[in-house]
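Chains as they are written, first to last, in the numbering used here: chain A, 1 to 283; chain B, 284 to 746. All C-beta atoms in this analysis are idealised placements derived from N, C-alpha and C, irrespective of residue type, glycine included.
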Ligand code: HEM
Ligand code: FES
């Protein structure tokens, strides 16, 4: 039998199939030797792409398309079929309809079962209760670093900043607090909050009032806190009032005092509920 | 060669055995002869489908090693900088997957890249359906399935991204808690129940894991089944052209030509994802470090498909509703209301358009976008709006790159997000009109030249 003349496209396809074999073998070795992901992914990826090329070329060359025609049949049912379906359903409906009271009772039964099955959802978690309104800070509780060391005001340089927690509860939830030491005379405390700072040290909640990210960037020259998540700015010398970005509420302030050893302590909980707003927050 | 006794082939005998028991030869004949229109834009949905296949295969491998738990463990794997640190079991196992499991990093990275490409393919596919009017009756039904697939895919992407419990994903979960919390009446309770308590609670990773590997993938697989079944039943749409009518489909038979092309596409998608996963690093969680609710991240960005929400949260001004001792907090508007409206409008679009145009007909021939200036302009407006939001999602990085202030750039973007979509919409509308007018003039000229040719020429209706 006479063979067809060699088609250059099929030759390329054949070459690509060869690359697939080489790539596949290479990938097997790369996996076996626990090589880098670059080598593993590169070899296996090339094997797949070469396979795709070979098959694609073959399809384009040897499997012409684009001219097949298929007729569409109407999607909707023929009227007679539709009528027959409706009639069949109505026959059954009439049978069921004769027991109206039973049907109502069964419906009620289904609803009760459904309701009962919803109750276990309650197991998912506790209700908020007053948890969103309070933090573990209490009068007399010492401020400590994340490794539990108590702090004296002098430990902080002027314009220094430290993340602190209530002693004995260093889990970084709603109690995380920023302690900032301001130079003398720059702080303008809110009415009623005179005396909440100690030797220039002020403390504000570290939980952003926008969406709860830790407000961790302190710009010492402008004395602003920046939230890294959506770029809200808080004016530290002005009660941590939000001055830009989406945050609407000031960071709550923690009243500070000193214990007999000269360590910083809280003199109560924050001035306001900590963190983002929710329906139950009254202002 | 052809006289080989075919009936002795094992596959043939198997097929006969099945047919004797359940029938189905007719179904197979019809399936093999199914006609697929040839247009590159019809492959977008297939790319999405093949990405899902890759996600399931790579995800299953990840499941063998990943431990979805927030229990504290001491990391002692081979990545030196983390050795001895107290981290969650989830983070520990994800870092081990990357450093100590054979092929683990490749599979993790391919999984992540597949998720990104999956969502990109879905979104571009949706745009194709929108701009060509493929969503019109009878395919309005499948449009609803498709939008649900988009929602489920975004949800599964976010859930997966959150599993590794690294600094970035933890920050994302913190924001998600606040978003759930913001819903009026039920938000705080819902957030406590979902997370298992006040933030940071210990249950969320285990729960997201179940959602990520079972609930949403099962939903997505089922919806893909319905989606494709509807395509088979209703057949494909096609662009107008010679020989193509509302009553037929012109293209390529499934067997063998289209099957070969489509398998070739599957292999190409896998190949590209392998190259991306092998060569382009993604989500290096060992560099980000374990999640610590008090630690700061700068330049934190979510996966691209969450960028529009991130941007909305950043641009929405410092405003919230407070009345009668209650608060509808700021984050509710950009992160609950805006996406809620977005998906509501997406679901409703076929019905809104039908009401506006009064067109209740069945359509199988596609529109050219230029012939529907109003729809095309609305689509362009929407894309611009979400595009600006997406850019705003990294406004801090952008400000540094451009050497401008973050605040200034934020203001520019706040204006742009309102103005630019309208400008683009108006321009696109004009442009469609001009193009359609050009088409009409051309058709007229051709018609004059070919005045006595009977066959109708390609005509573009302008409206
Ligand atoms: C529907 C599509 C899916 C999407 C969009 C998706 C997306 C993601 C993403 C973005 C990640 C983070 C990866 C990283 O660490 O960088 C992830 C992690 C993960 N996914 Fe998926 N996924 C999907 C389906 C699946 C399926 C079907 C499974 C299992 C059968 C699975 C199992 C996992 C596991 C175990 C992880 C955690 C491992 C790790 O973070 O390293 N995923 N997923
Ligand atoms: S969480 Fe701080 S600005 Fe959004």
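Spatial neighbours of residue i in its chain, beta-carbon cut-off 6 Å, leaving aside the 5 residues before and after
i: residue 260 of chain A; result: none
i: residue 741 of chain B; result: Bear in mind that the predicted position of residue 741 of chain B carries a pLDDT of just 47, short of 50, making it too unreliable to give a figure here.
i: residue 372 of chain B; result: 350, 352, 354, 356
i: residue 231 of chain A; result: 245
i: residue 212 of chain A; result: 275, 276
i: residue 143 of chain A; result: 151, 164, 264
i: residue 572 of chain B; result: 450
Residue i: contacting residues in chain B (beta-carbon distance under 8 Å)
i: residue 224 of chain A; result: Near residue 224 of chain A there are no residues of chain B at all, since even the closest Cβ is about 11 Å away, more than 8 Å.
i: residue 176 of chain A; result: 576, 577
i: residue 163 of chain A; result: 577
i: residue 48 of chain A; result: 550, 551, 553, 554, 557
i: residue 184 of chain A; result: The contacting residues do not exist; residue 184 of chain A stays about 28 Å from chain B at best.
i: residue 254 of chain A; result: The contacting residues do not exist; residue 254 of chain A stays about 15 Å from chain B at best.
i: residue 69 of chain A; result: 318, 526, 531, 532, 533
Residue i versus residue j: straight-line alpha-carbon distance, rounded
i: residue 62 of chain A; j: residue 516 of chain B; result: 29 Å
i: residue 360 of chain B; j: residue 449 of chain B; result: 16 Å
i: residue 247 of chain A; j: residue 590 of chain B; result: 19 Å
i: residue 477 of chain B; j: residue 579 of chain B; result: 24 Å
i: residue 204 of chain A; j: residue 271 of chain A; result: 9 Å
i: residue 145 of chain A; j: residue 167 of chain A; result: 9 Å
i: residue 525 of chain B; j: residue 643 of chain B; result: 25 Å
i: residue 365 of chain B; j: residue 670 of chain B; result: 38 Å
i: residue 40 of chain A; j: residue 555 of chain B; result: 13 Å
i: residue 177 of chain A; j: residue 197 of chain A; result: 14 Å
i: residue 585 of chain B; j: residue 680 of chain B; result: 13 Å
i: residue 170 of chain A; j: residue 504 of chain B; result: 44 Å
i: residue 12 of chain A; j: residue 507 of chain B; result: 36 Å
i: residue 219 of chain A; j: residue 418 of chain B; result: 52 Å
i: residue 172 of chain A; j: residue 137 of chain A; result: 12 Å
i: residue 653 of chain B; j: residue 411 of chain B; result: 13 Å
i: residue 202 of chain A; j: residue 135 of chain A; result: 18 Å
i: residue 660 of chain B; j: residue 574 of chain B; result: 44 Å
i: residue 561 of chain B; j: residue 34 of chain A; result: 13 Å
i: residue 217 of chain A; j: residue 183 of chain A; result: 18 Å
i: residue 324 of chain B; j: residue 415 of chain B; result: 10 Å
i: residue 374 of chain B; j: residue 620 of chain B; result: 33 Å
i: residue 674 of chain B; j: residue 437 of chain B; result: 18 Å
i: residue 131 of chain A; j: residue 174 of chain A; result: 10 Å
Own chain, CB closer than 8 Å to residue i, minus 5 neighbours either side, in chain order
i: residue 303 of chain B; result: none
i: residue 552 of chain B; result: 330, 333, 334, 337, 400
Secondary structure of residue i, DSSP reduced to three states
i: residue 394 of chain B; result: helix
i: residue 371 of chain B; result: strand
i: residue 346 of chain B; result: helix
i: residue 478 of chain B; result: helix
i: residue 715 of chain B; result: helix
i: residue 573 of chain B; result: strand
i: residue 127 of chain A; result: coil
i: residue 150 of chain A; result: strand
i: residue 227 of chain A; result: coil
i: residue 520 of chain B; result: coil
Residues near residue i by beta carbon distance below 7 Å, same chain, minus five either side
i: residue 68 of chain A; result: none
i: residue 532 of chain B; result: 318, 320, 518, 519, 521
i: residue 678 of chain B; result: 597, 689, 692, 693, 696
i: residue 18 of chain A; result: none
Residue i: contacting residues in chain A (beta-carbon distance under 9 Å)
i: residue 684 of chain B; result: Under the 9 Å cutoff, chain A gives no residues; its nearest Cβ is about 15 Å from residue 684 of chain B.
i: residue 392 of chain B; result: 37, 41
Chain-ordered neighbours of residue i on chain A, where CB pairs are closer than 7 Å
i: residue 725 of chain B; result: Simply none; closest approach about 25 Å.
i: residue 543 of chain B; result: 55, 58, 59, 63
i: residue 596 of chain B; result: 211, 230, 246
Contact set between residue i and chain A, taken where Cβ atoms lie within less than 8 Å
i: residue 540 of chain B; result: 59, 63, 64, 65
i: residue 536 of chain B; result: 65, 68
Within chain B, partners of residue i - CB distance below 9 Å
i: residue 148 of chain A; result: Chain B residues near residue 148 of chain A: none, gap ~14 Å exceeds 9 Å.
i: residue 221 of chain A; result: By Cβ distance, chain B contributes nothing, its closest Cβ being about 14 Å from residue 221 of chain A, past 9 Å.
Partner residues on chain B for residue i, Cβ-Cβ distance less than 7 Å
i: residue 34 of chain A; result: 385
Query raised in the report: Quick one: any contact between the region 420-429 of chain B and the region 628-637 of chain B, if contact means 3 or more CB pairs under 8 Å?
Result: Judged by Cβ distances under 8 Å, the region 420-429 of chain B makes contact with the region 628-637 of chain B, as three or more pairs qualify.
Query raised in the report: Does the region 586-606 of chain B touch the region 80-95 of chain A, meaning 3 or more C-beta pairs lie closer than 8 Å?
Result: Verdict: no, contact absent.
Query - Segment contact, 8 Å Cβ cut-off, at least three pairs: the region 467-477 of chain B with the region 390-402 of chain B - result: Cβ pair count under 8 Å is below three, so no.
Requested in this report: Spell out a yes or no on whether the region 441-459 of chain B and the region 481-500 of chain B are touching, meaning 3 or more CB-CB pairs, one atom from each, closer than 8 Å.
Outcome: By the Cβ criterion, the region 441-459 of chain B is in contact with the region 481-500 of chain B, since at least three pairs of Cβ atoms, one from each stretch, lie closer than 8 Å.
Query raised in the report: Are the region 605-621 of chain B and the region 460-467 of chain B in contact at 8 Å, needing three or more beta carbon pairs?
Result: Inter-segment contact for the region 605-621 of chain B and the region 460-467 of chain B is present: three or more beta-carbon pairs are separated by less than 8 Å.
Query raised in the report: Is there contact here, the region 41-61 of chain A with the region 538-546 of chain B, by at least three beta-carbon pairs under 8 Å?
Result: Flag = yes, the region 41-61 of chain A and the region 538-546 of chain B touch.
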